[in-house]
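> When you line the sequence shown up against my numbering, it's residues 364 to 585, in that order.
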Amino acid sequence: MEKKGIKSYVIRKGRMSPAQQAAYRDLKDKWVIPYEEQPFDFSLLFPGLKDVTLEIGFGMGDATHQIAYENPEKAYLGVEVHRPGVGKLLDRIEKRELTNIRIVEHDAFEVVTNMIPEGSLEGIHIFFPDPWPKKKHHKRRLIQEPFATLLAERLKPGGYLYAATDWDDYADQMLEVLTGNTLLENRYERFAEPQSWRPLTNFEEKGLKKSHLIHEVVFVKK
Ligand SMILES: C[S@@+](CC[C@H](N)C(=O)[O-])C[C@H]1O[C@@H](n2cnc3c(N)ncnc32)[C@H](O)[C@@H]1O
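1. Going by Cα to Cα distance, which pick from F472, W394 and V415 is closest to D404?
2. Per DSSP, which residues does V467 bridge with? Please list them.
3. Report whether the distance from the Cβ of V442 to the nearest heavy atom of ligand 1 is below 7 Å.
4. Nearest-angstrom Cα distance between A382 and K584?
5. Under 7 Å Cβ to Cβ from T564, same chain only, skipping five residues before and after it: list those, please.
6. Quick one: grab the DSSP three-state call for F582.
7. Let me check you understand the geometry: is the CB of S371 closer than 7 Å to at least one non-hydrogen atom of ligand 1?
8. Tell me which same chain residues have a C-beta within less than 7 Å of the C-beta of N544, skipping the five on either side of it?
9. On the premise that V395 lies in contact with L417, defined as a C-beta separation below 8 Å, what is that separation, rounded to the nearest angstrom?
10. Taking DSSP as the reference, what is the three-state secondary structure of H512?
11. Taking 7 Å as the cut-off, is the beta-carbon of H445 closer than that to any non-hydrogen atom of ligand 1?
12. Tell me the rounded alpha-carbon separation between D531 and Y523.
13. Check whether the Cβ atoms of G420 and A385 lie closer than 8 Å to each other.
14. If distances are taken between C-alpha atoms only, which option among K393, A438, V467 and I430 comes closest to K413?
15. Considering only heavy atoms of ligand 1, does any lie closer than 7 Å to the CB of P492?
16. What number of angstroms, rounded off, separates the C-alpha of E485 from the C-alpha of L518?
17. Quick one: residues in its chain with C-beta nearer than 6 Å to the C-beta of P447, no 5 flanking neighbours on either side, listed in chain order?
18. With distances taken between CB atoms, is the gap from I506 to V444 smaller than 8 Å?
19. Comparing alpha-carbon positions, which option in Y533, E457 and R503 lies nearest L587?
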């Protein structure tokens, strides 16, 4: 299928720690699903589990492993291109003996387009997406059309899209783009109240150290 999206990431430099390397080597075949242009059958991918939530850009998996640990009956699909992060999450999966996370190490635009069936997701988590603060780079931001519509189409009726950012103008953009999407409805008046279920993430911490404010949005599929 044709690639619809834009490139929202730059592969970050950074060596893998020995633990991340070992986890990647030993556990990749168990929990990382190769990218292919073939929609998932979630009942085969997550036998016995329900309510699949997609997380785009999980970074080091700070929130991913914690949420999956607290919700063992639910399924989590993490998509990330940063290999040290994949190694880190694999290490965490093993240490916590989690069985409800699968990973795709690939561009989320293509994964969502080609691997996620329409109307299949209970939730979508996008925690602190790359802010691309310069105006000429805004086109690289994840949350904009047509990707927002693609995401909305992948949700079940009643499913939710949650996003958080520490960049004010990106927060405004999220609100505007998602409010303008006819498939979605804001669960709040404007920004959401802080969601207690979301653990602190690495990039959130960096933002807080710079005294950035955190904004969150929760939109529900009609
Ligand atoms: C700013 S970091 C935030 C990481 C983590 N969610 C956190 O809060 O600490 C954004 C992450 O999204 C990933 N990312 C950006 N665009 C992506 C894409 N199209 N597909 C997969 N991952 C992507 C980047 O590699 C990066 O790790």
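Beta carbons are placed, not taken as given, at the ideal position from N, Cα and C, and that holds for glycine.
According to the structure shown:
1. Measuring from the Cα of D404, the nearest candidate turns out to be V415.
2. According to DSSP, which records beta bridges pairwise, V467 is partnered with V442.
3. Correct: V442 has its Cβ closer than 7 Å to ligand 1.
4. Here the alpha carbons of K584 and A382 stand approximately 40 Å from one another.
5. So the qualifying residues of the chain are G422, D425, A426, F490 and F491.
6. Of the three classes helix, strand and coil, the one that applies to F582 here is strand, per DSSP.
7. S371: yes, Cβ under 7 Å from ligand 1.
8. Around N544: A511, T512 and A515.
9. A Cβ-Cβ distance of about 15 Å is found for the pair L417 and V395, leaving them out of contact under the 8 Å criterion.
10. Per the sequence presented here, residue 512 reads as Thr, with His not at that position. If DSSP states are grouped into helix, strand and coil, T512 belongs with the helices.
11. Under cutoff, so the answer is yes.
12. Taking the straight line from one Cα to the other gives about 22 Å.
13. Between G420 and A385, the C-beta spacing is not below 8 Å.
14. K413 has its Cα closest to that of A438, out of K393, A438, V467 and I430.
15. Residue side-chain check: P492 places its Cβ nearer than 7 Å to a non-hydrogen atom of ligand 1.
16. Going from the Cα of E485 to the Cα of L518 covers about 6 Å.
17. Within the same chain, P447 has close Cβ partners G377, M379 and Q383.
18. In this structure, V444 does not lie closer than 8 Å to I506 by Cβ.
19. There is no way to answer for residue 587, as the model of the chain reaches only from 364 to 585.
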